[in-house]
Amino acid sequence: MKQLEASSERYESISLIGDRRIGKTSVLETWEKKLKEQGKPVFLLNGQRDEGATVSAFVTEITGKLASDNPEEAAGALSGWANEVKIRTNFTPIVMVDDAEHIIRNFPPRFFERLRGMMQERRVIWIFSLREHIDLIYKNTHNNTSPFDNLLHIQQVGLLETEAAEEIIRWGGFKGEKAKLMRVWAGRHPFYLQLLGRHLSDERDQRTALDAFQTESARRLAELWDKISPKEQEMLKQYMAGKPADRPGLRTRGLLTEDNKIFGKVLEEWLKDDAPKSALK
């Protein structure tokens, strides 16, 4: 949140990157609420909803006026709207797009070229929430260099701070052995804290809850394994063999803590039992 505030004060647009269900939407919703309380013009959209299907729907949702699906005309309408908002409120509008992968894949390159101009001229502050780097998604989709190259401040969403993790445990009313299970198995990872908390609340028997938690976690971790790089897989393999792990990408995405330890027992047990055996030989 401090990084978002600092970047917006410098009129920097932001790429908010994090794995599935790690809490990016919560960050955006909290930031939106704070900005509205300050009286700033902020707009939160989602690439998976109707506004993420076409340029026309996207611009119409932001401006409140029917927009053309021609990328040049739509971008022109968006630019004019931004100028009006700045004059009316004396603040640069902030547009946040959750699940922004979808608009990158759906919209034509010319529209993003125009968005680049708005960033450079500081007409709009953009915050894109994605699971991967926006430049990589753009290049894979449009087979060209991303127009956002070197323009976005990258902010990774990873592990919670210690007190925040403890607050989540308190929210669930967990004490004693259940609170210990939360700390040991989920650590400070927001998704796995939520998942384990749900199973502990639903099941009277802790062993049953833990089994259900591990079963569901295994699917998520298998998806994640395919997304991390071979070098990161190798680093986790070395960790399980008792060697030190030190990889920035694993720390920023929350798989390793700041002192290079596995974030929680759920990942450690999955690596022992369920990770692709070829990777752990």
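Per our numbering, the sequence shown runs over residues 90 to 370. Glycine included, every Cβ here is placed at the ideal spot set by N, Cα and C. Predicted model, so just to flag it, every value in this text is computed and none were measured.
- The alpha-carbon separation between A166 and F217 amounts to approximately 20 Å.
- Of the residues R109, Q283, D187, the one whose Cα lies closest to the Cα of R138 is D187.
- If you ignore the 5 residues before and after F201, its C-beta comes within less than 6 Å of the C-beta of P236, all in its own chain and listed in chain order.
- The straight-line gap separating the alpha-carbon atoms of E126 and L313 is approximately 36 Å.
- In this structure N233 is exposed. Its beta-carbon is surrounded by fewer than 16 other beta-carbon atoms within 10 angstroms.
- Using a Cβ-Cβ distance cut-off of 8 Å, the region 272-284 and the region 246-254 are in contact, since at least three pairs of beta carbons, one from each stretch, lie closer than that value.
- DSSP places I257 within a helical segment (H, G or I) once states are collapsed to three.
- Nearest neighbour of H191 by Cα position, chosen from A142, S306, E98, turns out to be A142.
- Relative to G338, the option among V174, M324, M207, E255 whose CA is nearest is M324.
- Annotated as proximal: P198 and H231, with beta-carbon spacing under 8 Å.
- Residue burial is scored here from C-beta neighbours: E94 has fewer than 16 other C-beta atoms within 10 angstroms and is therefore classed as exposed.
- Residue range 113-126 is occupied by the alpha helix (DSSP H) that includes S115.
- The C-beta of D300 has fewer than 16 other C-beta atoms within 10 Å across all chains shown, which makes the residue exposed.
- Going by DSSP, V355 is part of the alpha helix (DSSP H) stretching over 354-362.
- Our two residues, I151 and H242, have alpha carbons roughly 22 Å apart in a direct line.
- Per DSSP, H231 lies in no beta strand (DSSP E) segment; the continuous alpha helix (DSSP H) that holds it begins and ends at 223-231.
- Cα atoms of R109 and A307: separation of roughly 14 Å, rounded to the nearest angstrom.
- Here DSSP, grouped into helix, strand and coil, assigns F217 to strand.
- For I193, the enclosing alpha helix (DSSP H) stretches over residues 190-195.
- By the CB criterion at 8 Å, W260 and S102 fall outside the cutoff.
- Burial of T149 is indicated by the presence of at least 16 other C-beta atoms within 10 angstroms of its C-beta.
- Straight-line spacing of the CA atoms in A364 and R309 works out to 12 Å.
- The beta strand (DSSP E) runs of length 3 or more contained entirely in the region 123-167 are, from start to end of the chain, 131-135.
- By the neighbour-count criterion, in which 16 or more other beta carbons inside 10 Å mark a residue as buried, K332 falls on the exposed side.
- Secondary structure within the region 239-315: the beta strand (DSSP E) runs of 3 or more consecutive residues, fully enclosed, are 241-245 (chain order).
- By the criterion of at least three beta-carbon pairs nearer than 8 Å, the region 179-186 is not in contact with the region 152-166.
- In this structure, L282 keeps its C-beta atom at 8 Å or more from the C-beta atom of A311.
- The alpha-carbon separation between R205 and S145 amounts to approximately 18 Å.
- A direct Cα-Cα distance of roughly 36 Å separates Q244 from E292.
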